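Position in the sequence shown (first residue = 1) + 663 = the numbering used here. Note that the Cβ used here is the ideal one computed from N, Cα and C, for glycine as well. Small disclaimer: the values here were computed from a predicted structure and weren't measured.
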Amino acid sequence: MGTLTRPAIAFVNPSVGFSDRRKSKPIGLAYIMAYLEKSGFPSSGFDFGDSEDDAVELAAHYGLDRFDVVGFSVYNESFRAAIAMAEWIKNRRPECLIVLGGPHATAVHEHILRRYPCVDVVVRREGEEAMLDLVRGLGVGVPAGVDDRAGLTGIKGTTWRAPDGAGLLVNEDRDFVPDLDQIPFPDAEFTSHSGYPDLTYYDEVQGRLKAALTICSSRSCPYNCSFCGVLTIGRKYRSREAERVVAELLHFRERHGVNYEHVYFSDANFFVSPTRALEVAEALYEADPQVTFSFGTRVNQILKAAEVLSRLKECGLRFIELGIESASEPVLERLAKHVKPEVNVAAVRLLRRLGIEISLDFIMLDPATTLPDVRANLEFLREAGFYDYVPHDHLYTALVLYEGTPIRDFYARRFGVVFDPDDLPSPFTLFELPEVQRFSDTLRAFRKRWQDRIDDALAQGELALASMADGSDLPRNSHARLQLDVVSLRHAPNLFMERLLEDAEAGFPLLDEGGDGGGDEAGGAGGLEALLPRLGHDHVHLHDLIERTEAVAREAGFAQAPGAAAPHGRD
664 MGTLTRPAIA FVNPSVGFSD RRKSKPIGLA YIMAYLEKSG FPSSGFDFGD
714 SEDDAVELAA HYGLDRFDVV GFSVYNESFR AAIAMAEWIK NRRPECLIVL
764 GGPHATAVHE HILRRYPCVD VVVRREGEEA MLDLVRGLGV GVPAGVDDRA
814 GLTGIKGTTW RAPDGAGLLV NEDRDFVPDL DQIPFPDAEF TSHSGYPDLT
864 YYDEVQGRLK AALTICSSRS CPYNCSFCGV LTIGRKYRSR EAERVVAELL
914 HFRERHGVNY EHVYFSDANF FVSPTRALEV AEALYEADPQ VTFSFGTRVN
964 QILKAAEVLS RLKECGLRFI ELGIESASEP VLERLAKHVK PEVNVAAVRL
1014 LRRLGIEISL DFIMLDPATT LPDVRANLEF LREAGFYDYV PHDHLYTALV
1064 LYEGTPIRDF YARRFGVVFD PDDLPSPFTL FELPEVQRFS DTLRAFRKRW
1114 QDRIDDALAQ GELALASMAD GSDLPRNSHA RLQLDVVSLR HAPNLFMERL
1164 LEDAEAGFPL LDEGGDGGGD EAGGAGGLEA LLPRLGHDHV HLHDLIERTE
1214 AVAREAGFAQ APGAAAPHGR D
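See the structure below:
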């Protein structure tokens, strides 16, 4: 018998096809890697999530063909990159076990194995225990050079291609990990050619920038929003004890030598149990009163546990990522939110009254959107005080039809089509009404031409105002004008969108006057130009307002490179 071996294992987060400067480590893979490490199976992590490089070139550059097992965590957006890498590895190293997991792989596990011979197995839903069974079967007790994977095909929670090629082996689902506190902290390192920016939070209450840490204190969500990928993995909600959450914060403080003072809870729904949320908050406060935190939840839960929110704020709650999604009742029904628009309004009013900041989750458009739906959304944003809200991403969002979600099936039936499981259809090409399609095209043209310039000027203007507050030689009237101009820049995308909607409701007369009706994306900017609002104290063109703001910032001795972040809350 040959020498016993342990397999060389790699986990890969493939590219979603674009760069995101707010990139953070893939926590799902980090949990699996830590879980295997605890049982004596170290692994290497590779994170290409924001890479725009060719997938095969990345696989070659980082030598992914040197491993015995390569596991990919895949979403709809990253699936094709994962397959390209898997095919390259398999061609160079046929004996390598290629494993796919994650929401997309779970949703279409049978399709993947039928269409892609380079994939050996799909791990469905949670990955820790199934992956440990896999690597144990390939590792300890198996002589070097002996392939014993035939004994692995019965592992719960996995799908395999039958050894004889006749069909698939779809094993029974594995129970969810019952006790999340038995899983080690996600203390895993990843190789990434783009690196990770420092995660921070600007605490306006304390007036300083804080080092921040992302912690997941629970898994899943018991609700059934029709567009949510959590449904693919499963709705069984489980949470960690408050003491373990605090222990994780202290662990990573020591591990990284960084005094983390803000916690971003990445839970799908942190506030499922308000009592447990309060226990976590009080434990953090007792460990370190300087620690602040934020989380995401639903509007109806805010109203059901209003009495808890004041105490959470006392313990350091700074903002809540609020899943409002829409102000239109028909859209909320399609999204299976099971709330009325007035519940959204009530939740926002409550948080405003308590002085808790809101991070806005919003879906402006979906394939069946009508102009009255858009009107309801814009009226809500104005009346609820979101005209000053930045970033402006919520104005441009459209519903994404992820594989495995009920809303994707709903639209497949509605359109009478079968979506290719490998494809994620562009949300900007599915609108049923031509007026909504034109509205969206023009809005995207505005974003392409103006939004980056607005963001850069707004950042410089806000930072200049901050520097003036600390003492500046600029005349007082210059300070006052800059304040007005910064507010106007915050409002500019909202005002443009309102004018565009009015034009759409009237049949696009102003857009048609421009001769193109589609802005940059249709070959010109005449029609879009006619819709630009006049801004500032003297009602100037948007271009002039941007240039004036940047000039005053330079005069104040504070100008920054385009693309840098402004200090308005979340980083």
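Quick one: is residue i buried, meaning 16 or more other Cβ sit within 10 Å of its Cβ, or exposed?
i: Gly870; result: exposed
i: Val798; result: buried
i: Gly1186; result: With a pLDDT of 36 at Gly1186, under the threshold of 50, the modelled position of this residue cannot be trusted, and the question is left open.
i: Leu660; result: This structure does not reach residue 660, given that the chain is present from 664 up to 1234, and the question cannot be answered.
i: Ile1021; result: buried
i: Thr854; result: exposed
i: Leu763; result: buried
i: Ala807; result: Any reading at Ala807 must be qualified, since the residue scores a pLDDT of 43, below 50, and its modelled position is unreliable; the value itself is stated next. The residue in question, Ala807, is exposed, as its Cβ has fewer than 16 Cβ neighbours within 10 Å.
i: Gly1182; result: In this prediction, Gly1182 has a pLDDT of 42, which is less than 50 and means its spatial position is unreliable; what the coordinates show is noted afterwards. Buried: at least 16 other Cβ atoms inside 10 Å.
i: Thr938; result: exposed
i: Glu773; result: exposed
i: Gly1170; result: exposed
i: Gly979; result: buried
i: Glu911; result: buried
i: Phe681; result: exposed
i: Val805; result: Since pLDDT at Val805 reaches only 47, below the 50 mark, its modelled position is unreliable, and no value is offered.
i: Lys819; result: exposed
i: Asp838; result: exposed
i: Glu973; result: In the sequence as presented, Glu is not what sits at residue 973; that position holds Ser. Classification of Ser973: exposed, given that the 10 Å Cβ count is below 16.
i: Val903; result: Residue 903 is actually Arg in this sequence, not Val. Buried.
i: Ala1219; result: buried
i: Gln964; result: buried
i: Arg787; result: buried
i: Asn922; result: exposed
i: His1239; result: This structure gives no information on residue 1239, because the portion of the chain shown stretches from 664 to 1234.
i: His1001; result: exposed
i: Ile690; result: exposed
Residue j and residue i - do their beta-carbons sit closer together than 9 angstroms?
i: Arg1110; j: Tyr1059; result: yes
i: Ala875; j: Tyr927; result: yes
i: Phe958; j: Ile983; result: yes
i: Ile896; j: Glu792; result: no
i: Gly1067; j: Leu894; result: yes
i: Ser1034; j: Val1081; result: Here residue 1034 turns out to be Leu, not Ser, going by the sequence shown. No, the pair does not count as a contact, with Cβ atoms beyond the cut-off.
i: Pro1156; j: His1055; result: yes
i: Arg1012; j: Leu985; result: no
i: Asp890; j: Pro1069; result: Residue identity differs from the one stated: residue 890 is Phe in this sequence, not Asp. Result yes, Cβ atoms of Phe890 and Pro1069 sit closer than 9 angstroms.
i: Phe704; j: Arg669; result: yes
i: Leu1164; j: Leu1191; result: no
i: Ala905; j: Glu945; result: yes
i: Tyr1052; j: Arg1153; result: yes
i: His914; j: Phe848; result: yes
i: Leu1145; j: Leu1158; result: no
i: Ala749; j: Val733; result: yes
i: Arg898; j: Ser880; result: no
i: Arg901; j: Leu843; result: yes
Which residues share a DSSP beta bridge with residue i?
i: Asp1282; result: Since the first and last residues shown for the chain are 664 and 1234, residue 1282 lies out of range.
i: Ala1061; result: Leu1028
i: His925; result: Ala875 and Thr955
i: Glu984; result: Gly959 and Ser1022
i: Val1203; result: Leu1198
i: Ile746; result: Its beta-bridge partners do not exist; DSSP assigns none.
i: Phe681; result: Phe681 pairs with nothing; no bridge assigned.
i: Ile672; result: Val732
i: Val785; result: Leu763 and Thr822
i: Ser707; result: Ala673
i: Thr863; result: Ala874
i: Leu832; result: Trp823
i: Phe853; result: Gly708
i: Arg882; result: Arg901
Assuming residue i and residue j make a contact with CB atoms under 8 angstroms, what is their CB distance in whole Å?
i: Thr1212; j: Val1149; result: 7 angstroms
i: Val908; j: Val943; result: 5 angstroms
i: Leu692; j: Ser736; result: 5 angstroms
i: Gly814; j: Gly800; result: 6 angstroms
i: Leu1028; j: Ala1061; result: 4 angstroms
i: Tyr859; j: Lys686; result: 6 angstroms
i: Met1160; j: Leu1041; result: 6 angstroms
i: His925; j: Lys873; result: 5 angstroms
Taking one C-beta from the segment 723-737 and one from the segment 666-675 each time, how about it: are there three or more such pairs within less than 8 angstroms?
yes
For the segment 991-1009 against the segment 968-976, do three or more pairs of beta-carbon atoms, one drawn from each stretch, fall closer than 8 angstroms, so that the two count as touching?
no
Inter-stretch contact (C-beta, 8 angstroms, three-pair minimum) for the segment 1085-1096 and the segment 1118-1129:
For the pair of segments examined, the segment 1085-1096 was found not to touch the segment 1118-1129: the number of CB pairs separated by less than 8 angstroms stays below three.
Is the number of C-beta pairs between the segment 711-725 and the segment 746-764 that are closer than 8 angstroms three or more?
yes
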